[in-house]
Amino acid sequence: MSKNLRSLSARHVEGQTLFQALAEAVENTSMPLSQQLRELAEERLVSRASLLGASSFYDFLQVENLNKRAYVCNGTCCLLAGKQDEVRAGLAARYKDDEIGEATCLGHCYRAGSFQEGEQTYDDEYRPGASLDSIEFPYFAHIDQPLFAAPVTAIDDYYQQVLQAPADIQEQLSRSNLRGRGGAGFPFADKLAGCTAAAGTQKYVVCNADEGDPGAFSDRYLLEEQPHRVLAGMLAAGLATGADTGFVYIRAEYPLAQRRIAEAIAAFEQTPAAATSRFRFRIVRGAGAYICGEETALLNSIEGLRPEVRTRPPYPTQAGLFGQPTLLSNVETFAAVPWILEHGGAAFAAMGTAQSTGTKLVCLDYGFNQPGVHEVAMGTPLRQVIEEYGGGFRWPMKAVQVGGPLGGVVPIDRIAGLTLDCESFAAAGFELGHAGIVSIPESFPMIDFLRHLFAYMAAESCGKCLPCRLGTRKAHTMLTAASKTQPLDSAAFTDLLEALEYGSLCGLGSALPLPVRNILTYFATELHDYFSEVADT
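In this text, residue positions in the sequence shown follow this note's numbering: the first is 6, and each later residue adds one.
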């Protein structure tokens with residue numbers, strides 16, 4: 006069935022995608038939703054059930070949320086900063102209770118206290134009424150040759166420099182050993198080569214700008230402040246693979262990023278490079294679904310299908326968007342490509358470590374004295390990032406979570422032994438991921454942190470596989486009921502973690518046990534009373 010729907014959706018790729026038409030229909034309150042879905046179903050030759058099943062998945066398209074006028078960030082950083090109640094109280098002065106909802110992390114973790122109102126997001130310092138020009142995105146470079154510091158001014162020349170022969174692009178990216186910056190760390194040149202070799206007359210490039218992990222806002226920085234770097238990287242990837250169309254999927258929680266990318270696309274279309282390459286860009290706005298950060302769920306979303314995770318193989322490079330070979334990567338990865346093509350892959354590989362080359366954008370949350378986006382060389386000691394670049398913590402911390410809700414939880418006394426690269430973290434039993442760092446205060450109970458993790462994942466699971474759909478909710482129920490007088494069964498909890506790890510289709514379920522086990526291992530004393538016997542790792 007999904008293949009048929011995918012084929013039907015592909016027929017409208019030149020105009021409005023099925024997902025875009027669906028979102029427009031749901032948000033249009035001038036006529037009943039049932040009537041709009043019926044008309045759209047007849048126009049696109051799909052069933053109303055399929056359309057309703059897809060639209061009801063998204064936070065901002067659910068019927069019960071259509072009356073919402075403001076959303077409070079429910080991300081980890083705002084929770085740990087203790088500002089959510091204050092934000093909600095401020096919004097309650099202007100809106101009714103049922104007009105205030107919750108949104109997955111809004112990407113203002115460096116200031117916390119964030120909320121979305123209309124087509125703009127705000128935080129503890131930037132409030133409604135202020136000019137967009139007054140926003141200062143905190144970016145800090147800690148290397149001699151930063152990739153993402155200087156603004157792109159000579160746009161014509163900038164795009165012209167990436168118009169290289171496909172073989173030359175592939176060679177420089179291979180020399181660079183650039184690894185995907187979205188969390189998995191897959192070699193970008195290998196992905197590029199796979200898509201290039203795949204058979205198909207139509208190919209696509211897709212930029213995953215659905216950055217939803219609490220503690221991650223580097224993609225938002227690039228989209229808003231360096232959009233031409235992102236687009237130029239996608240253009241180069243398109244030239245190398247033979248793709249002529251690039252989709253930028255931007256989450257609904259980043260309205261300014263959508264506007265900045267749209268402006269950059271309009272500017273690109275006036276350059277000689279646009280005429281020479283005949284490459285086209287398309288923006289797709291998300292509608293509030295954390296799981297769309299998973300690449301195959303994102304592809305389903307663009308197609309107008311329910312954004313559930315696909316089984317693999319086939320991989321996107323073989324059968325991706327609309328069933329065609331697709332090169333899909335994240336914002337920071339694409340943004341690094343133009344620098345590599347300008348300076349050479351060897352120059353990029355000279356930075357960082359042998360296996361984790363180049364620089365990395367590291368996000369430090371509100372708990373640091375100098376929060377923001379920090380560009381550092383891969384392999385930098387984690388202690389240096391925290392104490393020197395981040396200026397240390399605002400208040401006493403007992404741990405940091407690196408890489409989002411699915412990343413490792415590192416106790417303070419283990420920071421000294423880690424360097425900022427995939428290998429160091431993996432060897433120590435942690436996960437680097439996208440390298441966003443969330444600080445956990447000494448005063449915040451780890452049992453509440455565990456409850457938050459599972460509540461977050463249970464709400465955001467796509468529901469396709471049984472272990473994740475039921476396992477995250479079951480774990481949250483167990484943790485919520487656990488008390489010092491009625492501890493939970495740690496043997497059953499251990500079994501549940503194993504089912505999640507080995508039975509889930511994607512990382513949302515399979516990677517969640519890692520931070521949980523980190524917490525159970527390093528904070529066993531604190532958690533002792535809540536478990537019949539703290540689970541073995």
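Even for Gly, the Cβ is constructed at its ideal location relative to N, Cα and C.
Since the model is a prediction, treat every value here as computed from it, not as a measurement.
- DSSP, reduced to helix, strand and coil, places Thr-250 within a strand of the structure shown.
- Here Val-235 is buried, its C-beta having at least 16 other C-beta atoms within 10 Å.
- For Tyr-209, the pairing in a beta bridge is given by DSSP as Thr-250, Thr-331.
- When the five nearest sequence neighbours on each side are left out, the beta carbons in the same chain lying within less than 8 Å of the beta carbon of Glu-104 are those of Asn-72, Lys-73, Arg-74, Ala-75, in order along the chain.
- Closest in C-alpha terms to Lys-365, from the list Ala-440, Gln-389, Arg-315, comes Ala-440.
- For Phe-528, the three-state secondary structure derived from DSSP is coil.
- Per DSSP, the beta-bridge partners of Phe-398 are Phe-373.
- Only residues of its own chain outside the window of five on either side were considered, and among them Ala-46 have a CB closer than 8 Å to the CB of Ser-52, listed in chain order.
- Shown here, Thr-364 sits in a strand according to DSSP, grouped into three states.
- The secondary-structure analysis by DSSP pairs Gly-106 across a beta bridge with Tyr-76.
- Leaving aside the five residues that flank Ala-497 on each side, none in its chain has a CB nearer than 7 Å to its CB.
- Collapsing the DSSP output to three states places Ile-445 in a strand.
- Contact check for Pro-416 against Ala-404 passes: the beta carbons are separated by less than 8 Å.
- A distance below 8 Å separates the beta carbons of Gly-409 and Gly-220.
- Tyr-527 counts as buried, since at least 16 other C-beta atoms from the protein chains shown sit within 10 angstroms of its C-beta.
- Scanning its chain for C-beta atoms nearer than 8 Å, with the 5 sequence neighbours on each side dropped, one finds around Arg-43 the residues Arg-53, in chain order.
- Check the Cα spacing between Leu-326 and each of Asn-213, Phe-435, Glu-229: the tightest is with Asn-213.
- If you check the CB distance, Gln-125 and Leu-261 come in under 8 Å.
- In this structure Ala-294 is in contact with Asp-64, their Cβ atoms being roughly 7 Å apart against a cut-off of 8 Å.
- Collapsing the DSSP output to three states places Pro-192 in a strand.
- Looking from the CA of Tyr-226, the closest CA among Gly-251, Phe-459, Val-378, Glu-29 belongs to Val-378.
- Closest in C-alpha terms to Gly-514, from the list Ser-537, Leu-484, Leu-475, comes Leu-475.
- When rounded, the separation of the alpha-carbon atoms in Glu-465 and Ile-296 is 6 Å.
- In this structure, Leu-346 keeps its C-beta atom at 8 Å or more from the C-beta atom of Gln-165.
- According to the DSSP assignment, Arg-265 belongs to no beta strand (DSSP E) but to the alpha helix (DSSP H) extending over 260-273.
- The shortest CA-to-CA distance from Ala-257 to any of Met-483, Ile-391, Thr-109, Thr-22 is the one to Thr-109.
- When DSSP assignments are scanned along the stretch 426-488, the uninterrupted stretches of alpha helix (DSSP H) that are 4 or more residues long and fall wholly within it turn out to be 427-432, 451-465, 471-486.
- Pairing Lys-479 with Leu-501 gives a Cβ-Cβ distance under 8 Å.
- Pro-321 places its beta carbon 8 Å or farther from that of Glu-299.
- Of the residues assessed, Leu-471 falls on the exposed side of the cut-off, its CB having fewer than 16 other CB atoms within 10 angstroms.
- A straight line joining the alpha-carbon of Ser-448 with that of Gly-422 spans about 24 Å.
- Counting only runs that start and end inside the stretch 129-183, the alpha helix (DSSP H) elements of at least 4 residues fall at 160-165, 171-181.
- Separation of Gln-175 and Gly-243 (C-alpha to C-alpha, rounded to the nearest whole angstrom) is 11 Å.
- The residue from Thr-276, Ser-282, Gly-349 with its alpha-carbon nearest to that of Ala-248 is Ser-282.
- In this structure the stretch 149-166 lies against the stretch 265-280, because at least three pairs of beta carbons, one per stretch, are closer than 8 Å.
- For Phe-536, there is no enclosing beta strand (DSSP E), as DSSP marks it with neither H nor E.
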